[in-house]
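Reviewing the structure listed below.
Residue numbers (the working numbering), protein chains in the order written: chain A, 1 to 430; chain B, 431 to 631.
Following this line, the structure appears as structure tokens:
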């Protein structure tokens, strides 16, 4: 339509037809329609379309449904939960935008978690490997110290120490001397070499004791402990000292004390400070020891008989070899049983005392705290480090899992795309 | 034409109260008010679903669900708009959910259960061809046209319901009418001028 000949739009003509035109324009457009056959014809077309559509009838609502709805309404009003129809659709079903928003938030959260967790995981991996390297280094360093016999209280013993063993924990940390905050000694004490005559009569009790003591002066208590060990011919099989900053110092030790001197040693240990916990227990191993001795005796006799057979009898070379193999087997058993016997007797002759020492923690008022500038600097450095670690972590994550995700996308992408297209097509026809 | 519009009902019975007042009474627990609203809108609402859903049983269920949703939401009703707009907004949401469900099912299983091709009461060729012509319209244009012609919503109500600007509603309605007119004028096999003349009486 030309606006020069028709001073209004066609949509205004339609609005007049629909009674949607504002009053101020209504009269103007109406008067134009009276004079313009073209616009009048347009109105007629709208009328024709409306008339055509008006033939699209719908059957009346079934009376049964009316009854059903009124019954459901009555139930709903009375608070009874009405069973949803079979095609029940929630009016508040999420739309596409909300799904997209939810999915985006979920992905962002996942990325955030990955960004946080991956750097810390890498840090823990780094610290573990570093700790292992340090542990390996310290083992070689401390070997010399052990050979020189300068390991804590154990070095002051009159008895010679057997080869000490250092413990490397699951994190790769060495428990041994030289660690600033955590000193651990793990020493295998001297095995009882005496003949088992003292164990042949009377019950054999493998005793254990445990003490938890709070001391006022940790340094003095530590020195006193060493003196007690020397005085009672005891030794520390394992000893760990924790001197972490900002907390009480602690000492955990596994002591081996001669059974004959247990009571006096315990008394002196208790005098180190206030005893918080004490336990003692004993396990009778008499029968176990007697069995072991009997089996050992039998095995030795068997060995002697086999030796006699080997020396006195003659036979085929295969027979000789068979006898020698049997002797070797019996010899192995004998040595194993001897070791067991010695271990058992050592458990009886040396009581295991678990000692926990802790000093009374006193907070330091004059603890030097870093300046604000230093703290800001440290915070900034940590922030930059974390950011770089996060970026690196995300990159590593995608490097590590990217190919798998790509393969999965290739496998699932095409069916997903196909379904999505079908879904959109179905929705469009709706 | 079997379905009666609310306006037609109003003309016949002169209702004592407006829809909005009845809905407010309904929100306060009046069963009579709900019955009156149901009587006024049951057929228009059923027609609304019936013209958009092929299966009559599903149209019935959707009608039921819409009325129950109105009843459940009655305590929170605020007369900020006409009740008619409120009712069709609920019906529209339920219809959309239904369409998504059907489309999803069709995407996975290829089912065409409840084909969304609208059905009609009379099975004449003219009626069927009219429905075909309407089905060829662009989706939003078709919806605007149906809301205007059958639900008799104003441009503003359609705009609010479909979240479209008022001018967009007007221009799309205009476009839909002309497109439908053109489709109805097309020669066979689609309905021809003769059929249109038949419609026009």
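Built from N, CA and C at the ideal position, the CB exists for glycine as well. A quick note: this is a predicted structure, and the numbers were derived from the prediction, not measured.
Exposed unless 16 or more other CB atoms sit within 10 angstroms - verdict on residue i
{"i": "residue 527(B)", "result": "buried"}
{"i": "residue 359(A)", "result": "buried"}
{"i": "residue 283(A)", "result": "exposed"}
{"i": "residue 571(B)", "result": "buried"}
{"i": "residue 424(A)", "result": "exposed"}
{"i": "residue 501(B)", "result": "buried"}
{"i": "residue 318(A)", "result": "exposed"}
{"i": "residue 180(A)", "result": "Caution applies to residue 180(A), whose pLDDT of 40 falls short of 50 and renders its modelled position unreliable; the value that the coordinates give is listed next. Exposed: under 16 other Cβ atoms inside 10 Å."}
{"i": "residue 271(A)", "result": "exposed"}
{"i": "residue 40(A)", "result": "exposed"}
{"i": "residue 221(A)", "result": "buried"}
{"i": "residue 7(A)", "result": "exposed"}
{"i": "residue 518(B)", "result": "buried"}
{"i": "residue 314(A)", "result": "exposed"}
{"i": "residue 523(B)", "result": "buried"}
{"i": "residue 401(A)", "result": "exposed"}
{"i": "residue 399(A)", "result": "exposed"}
According to DSSP, residues forming a beta bridge with residue i
{"i": "residue 355(A)", "result": "211(A) and 253(A)"}
{"i": "residue 314(A)", "result": "Bridge partners of residue 314(A): none, in fact."}
{"i": "residue 78(A)", "result": "Its beta-bridge partners do not exist; DSSP assigns none."}
{"i": "residue 281(A)", "result": "208(A)"}
{"i": "residue 258(A)", "result": "350(A)"}
{"i": "residue 275(A)", "result": "213(A)"}
{"i": "residue 236(A)", "result": "255(A)"}
Residue i at chain B interface by Cβ criterion, 8 Å
{"i": "residue 99(A)", "result": "no"}
{"i": "residue 53(A)", "result": "yes"}
{"i": "residue 35(A)", "result": "no"}
{"i": "residue 90(A)", "result": "Unreliable positioning characterises residue 90(A) in this predicted model, as indicated by a pLDDT of 43, which lies under 50. A coordinate reading is not provided."}
{"i": "residue 49(A)", "result": "yes"}
{"i": "residue 422(A)", "result": "yes"}
{"i": "residue 22(A)", "result": "no"}
{"i": "residue 28(A)", "result": "no"}
{"i": "residue 370(A)", "result": "no"}
{"i": "residue 87(A)", "result": "Below a pLDDT of 50, predicted positions are generally treated as unreliable, and residue 87(A), at 45, falls in that range; the measurement from the model is reported next regardless. Chain B, which has a Cβ nearer than 8 Å to the Cβ of residue 87(A), makes this yes."}
{"i": "residue 121(A)", "result": "no"}
{"i": "residue 381(A)", "result": "no"}
{"i": "residue 376(A)", "result": "no"}
{"i": "residue 384(A)", "result": "no"}
{"i": "residue 93(A)", "result": "Low confidence applies to residue 93(A): its pLDDT is 45, below 50, so where it sits in the model is not reliable enough to give any reading."}
Cβ distance (whole Å) where residue i is taken to contact residue j below 8 Å
{"i": "residue 494(B)", "j": "residue 72(A)", "result": "7 Å"}
{"i": "residue 265(A)", "j": "residue 228(A)", "result": "6 Å"}
{"i": "residue 35(A)", "j": "residue 611(B)", "result": "With a Cβ gap of about 23 Å, residue 35(A) and residue 611(B) do not count as contacting."}
{"i": "residue 278(A)", "j": "residue 211(A)", "result": "5 Å"}
{"i": "residue 237(A)", "j": "residue 254(A)", "result": "5 Å"}
{"i": "residue 457(B)", "j": "residue 505(B)", "result": "6 Å"}
{"i": "residue 596(B)", "j": "residue 606(B)", "result": "The Cβ separation is near 16 Å, so there is no contact."}
{"i": "residue 525(B)", "j": "residue 575(B)", "result": "Actually they do not touch by this definition, with Cβ atoms about 16 Å apart."}
{"i": "residue 633(B)", "j": "residue 15(A)", "result": "No answer is possible for residue 633(B): it lies beyond the span of chain B, which begins at 431 and ends at 631."}
{"i": "residue 257(A)", "j": "residue 353(A)", "result": "5 Å"}
{"i": "residue 337(A)", "j": "residue 306(A)", "result": "In fact, because the Cβ distance is near 16 Å, the residues do not count as touching under 8 Å."}
Min CB distance residue i to chain A below 8 Å
{"i": "residue 458(B)", "result": "no"}
{"i": "residue 513(B)", "result": "no"}
{"i": "residue 589(B)", "result": "no"}
{"i": "residue 585(B)", "result": "yes"}
{"i": "residue 607(B)", "result": "yes"}
{"i": "residue 454(B)", "result": "no"}
{"i": "residue 463(B)", "result": "no"}
{"i": "residue 616(B)", "result": "no"}
{"i": "residue 602(B)", "result": "no"}
{"i": "residue 498(B)", "result": "yes"}
{"i": "residue 493(B)", "result": "yes"}
{"i": "residue 517(B)", "result": "no"}
{"i": "residue 611(B)", "result": "yes"}
{"i": "residue 560(B)", "result": "yes"}
{"i": "residue 480(B)", "result": "yes"}
Next on the checklist: If the cut-off is 8 Å on Cβ atoms, which residues from the stretch 66-78 of chain A count as contacting chain B, listed in chain order?
Outcome noted: 66, 68, 69, 70, 72, 73, 74, 76 and 77
Checklist entry - Which residues, in order along the stretch 6-20 of chain A, keep a beta-carbon less than 8 Å from a beta-carbon of chain B? => result 10, 11, 14, 15, 18 and 20
Item to check | Within 8 Å of chain B by C-beta, residues of the stretch 390-418 of chain A in sequence order | outcome: none
Item to check | Cβ-based contacts, 9 Å cut-off: residues of the stretch 562-586 of chain B near chain A | outcome: 563, 564, 565, 569, 575, 576, 578, 579, 580, 584, 585 and 586
Checklist entry - Going along the stretch 500-512 of chain B in order, which residues come within less than 8 Å of chain A, judged by CB to CB distance? => result 501 and 502
Next on the checklist: Taking beta-carbon pairs under 9 Å, can you tell me which members of the stretch 524-542 of chain B lie near chain A?
Outcome noted: 524, 525, 526, 527, 528, 529, 530, 531, 532, 533, 534, 535, 536, 537, 538, 540 and 542
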